[in-house]
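The structure appears right after this line, and notes come after that.
In this note's numbering, the protein residues as written are 70 to 355.
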């Protein structure tokens, strides 16, 4: 599904420049400036939350900045022991495009589950990290999976997983935990750019190499697949139109060299300008 042709039937026309009004708004809207969530120097404005540890405790220096990269490492672990980690940016967002550049490196740490091999994620519309309990495994959120191949077998990337959430696909509530995208497999230690178009609760798209590989709408709290949470934070049926962004630690080392966000909140009340702004962001770097 090419970006230029996808519509989702929601009449959002994100990437359609047909029609004089859309063309006019496209010229009138400037390309939103990128906000560098990762500044290349430190983890300022980020908060770690690792299972079995308190909010803010960066156990065993799991998340670190070295050589201009935001790294996830496990050299301080004797055994992973399901100590799933999440690094939250300290400001919530609602309407935006998120761009993440990452690569998997080295070997999975001892004790990591098989499914977690070359597995990480960008958590979208997540709960405030301060509301996560010590033993909670995942934030209530929508996960855009970051996945790597083994050099032989196919494995789609930018899949969807739903810890404590559900989404709507083709006007039907989707309740299984995960859904595969239509992407190709990304083998080896190559750098991969994953993009996510997030428009409140109206639309979320996963994008790789200029192609929409998965999309859905009406993200909402519900379902299972999250443990040891505060019941006050899980109001089933509540639509998620904003939230915190997290990067994952699931037992395989990973590097991030860019985590940037284009804030589109100024355009959310004007569909034509919103469509034009999204198109400009997605076409800015190819």
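For every residue, glycine included, the Cβ atom is placed at its ideal position computed from N, Cα and C.
Fair warning: this is a prediction, and the values are worked out from it, not measured in the lab.
How many angstroms separate the CA atom of residue i from the CA atom of residue j?
i	j	result
residue 301	residue 266	29 Å
residue 202	residue 190	20 Å
residue 195	residue 101	23 Å
residue 276	residue 103	17 Å
residue 336	residue 330	15 Å
residue 173	residue 136	16 Å
residue 82	residue 121	At residue 82 the pLDDT is 45, less than 50, meaning the model places this residue with poor confidence and gives no usable figure here.
residue 140	residue 303	30 Å
residue 115	residue 170	17 Å
residue 197	residue 178	28 Å
residue 288	residue 257	32 Å
residue 90	residue 308	Because the pLDDT at residue 90 is just 47, under 50, the model does not fix this residue reliably, and the point stays unresolved.
Once the 5 residues before and after residue i are set aside, which same chain residues still bring their CB inside 7 Å of it?
i	result
residue 297	202, 204, 205, 206
residue 161	311, 312, 313
residue 163	269, 310, 311, 334
residue 292	231, 233, 234, 235, 244
residue 238	285
Write down the C-beta distance between residue i and residue j rounded to the nearest angstrom, noting that I regard them as a contact closer than 8 Å.
i	j	result
residue 180	residue 149	4 Å
residue 231	residue 168	Wrong, their Cβ atoms sit about 22 Å apart, outside the cutoff.
residue 157	residue 315	5 Å
residue 131	residue 154	5 Å
residue 214	residue 188	7 Å
Which partner residues does residue i have in the DSSP bridge list?
i	result
residue 273	267, 285
residue 317	155
residue 117	156
residue 343	DSSP, once it has assigned bridges, lists no residue as partnering residue 343.
residue 52	Since the first and last residues shown for the chain are 70 and 355, residue 52 lies out of range.
Assign residue i to one of three DSSP states: helix, strand, or coil.
i	result
residue 312	strand
residue 332	strand
residue 199	helix
residue 324	strand
residue 351	helix
residue 255	coil
residue 280	strand
residue 183	helix
Take residue i and list the residues in its own chain whose beta-carbon comes closer than 6 Å to its own, dropping the five residues that flank it on each side.
i	result
residue 127	117
residue 98	342, 345, 346
residue 318	131, 141, 154
Should residue i be counted as a contact of the ligand ADP given a C-beta to heavy atom distance under 7 Å?
i	result
residue 154	Of the ligands one can find in the structure shown there are none, so the ligand ADP has no counterpart to examine.
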